[in-house]
């Protein structure tokens, strides 16, 4: 990798296409750097693995935006767009212990590994159904036709959204991830629609519970713990938001990385044809490390003066841990810019670290693993149907994902 000769320009369209040389420069020359973000907010970027891991677990870095030293206008430019106006601030991404401990315990009761494992056949059914929809055409946009609808329908099923309502959620969620590509104010309006729908659904399920995640949250709140309706709505919203965009990017970035690394892709296909699982398991972790779905961890705010990597951070200042940079730190990973699906020493930070480690990571892994395995098995000659330079990455600060991924293959 050729490093820039001077401090790189961040958050441009060119940077979005390949941020890794810029992150390598920052790790080497300015590993904890204060920068002005596209929104105008100033924040510290943490790019080395050791510093990132420490910062993710530091209790002095609060998730609560009320600790942000900027005025109210500045605070409105942090977090998920529209969540303040939609009364969605009380969720796991925005709170600290002891409230975080209480809410995570309640969600964990309803979002168990067993529930995820039992959901595997439905994920496979959704995956096959979506591939059936374009397999006869010989071409597809893997983002629009596959990577986007799969996690939307999966998380809707898991939450207990009736099938007849799921296309509405798909439309609203699609507006949320356009990041400026839709009409002005569209993100905030979609957030409000989702919030209103979830509140109504939660209210209905209090009297008509099933075996879904929302019903599980309601049951958990009835056993000596308290989960308000606003908390339940905010929790379901963040599970929906975090549960679909991360998986879209895991599938899209993962397939794109395999298409750009044909030797690794061929190894994986041979392994799949043999019915083996080991390379697929390590491969998903490597794809999460190599070009993962979450570029920067969600916002943190210093509650007191502290030091990260020798750099002093003042109370109230925002800190953004750059997971994408940490995951390619040569001080932690050998040959970090090489995709190695059999990599075993792979303690990546793709889903965070510490008490805020992504609760939905097992579901995302299940969906990503199922999607990639099924694509390679059913469409073995899958090829990119565009020049690499023609692909565009979605805007946005936290997530990293392609807008589209045109492919061609032999039609079924």
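Numbering (my numbering), first residue to last: 2 to 413.
The beta carbon of each residue, even a glycine, is placed where N, CA and C say it ideally should be.
Could you check what DSSP says for residue 138 in three-state terms: helix, strand or coil?
coil
Identity of the residues DSSP links to residue 309 by a beta bridge
312
In this structure, does DSSP put residue 73 in helix, strand or coil?
Because the pLDDT of residue 73 is 49, which lies under 50, any placement of that residue in the model is unreliable, and the number read from its coordinates should be weighed accordingly. Helix.
Give the range of the alpha helix (DSSP H) segment to which residue 436 is assigned.
Residue numbering for the chain in the displayed model covers 2 to 413; residue 436 lies beyond these limits and cannot be assessed.
Note down the Cα distance separating residue 268 from residue 378, rounded to an integer number of angstroms.
13 Å
Given residue 32, which residues of its chain have a CB within under 6 Å of its CB, disregarding the five upstream and five downstream residues?
Excluding its 5 nearest sequence neighbours in each direction, residue 32 has C-beta neighbours in its own chain below 6 Å: 48, 49 and 310, listed in chain order.
For the putative contact between residue 366 and residue 285, defined by C-beta atoms under 8 Å, what is the C-beta separation to the nearest angstrom?
6 Å
Quick check on the burial criterion: 16 or more other C-beta atoms within 10 angstroms. Buried or exposed for residue 108?
It counts as buried.
Euclidean distance between Cα positions of residue 182 and residue 275:
Confidence in residue 182 is poor, its pLDDT being 48 and thus under 50, which makes the residue's placement unreliable; the coordinate value appears in the next sentence. Taking the straight line from one Cα to the other gives about 43 Å.
Looking at residue 9: is its Cβ nearer than 8 Å to the Cβ of residue 18?
no
Do you know offhand how far residue 58's Cα is from residue 289's?
Rounded to whole angstroms, the gap between the alpha carbons of residue 58 and residue 289 is 20 Å.
Residue interval of the beta strand (DSSP E) (run including residue 407)
Here the beta strand (DSSP E) through residue 407 covers 407-409.
For the beta strand (DSSP E) that contains residue 303, what are its first and last residues?
301-303
Give a yes or no on contact between the region 114-124 and the region 324-332, applying the rule of three or more CB pairs nearer than 8 Å.
no
Classify residue 384: buried if its beta carbon has 16 or more other beta carbons within 10 angstroms, exposed otherwise.
exposed
Using the Cβ count rule (16 or more neighbours within 10 Å means buried), how would you classify residue 265?
buried
Cβ-Cβ distance between residue 46 and residue 324 below 8 Å
It is not a contact, given that the beta carbons lie outside the stated cut-off.
What three-state label does DSSP hand residue 182 in the structure shown?
Bear in mind that the predicted position of residue 182 carries a pLDDT of just 48, short of 50, making it unreliable; the figure below should be weighed with that in mind. Coil.
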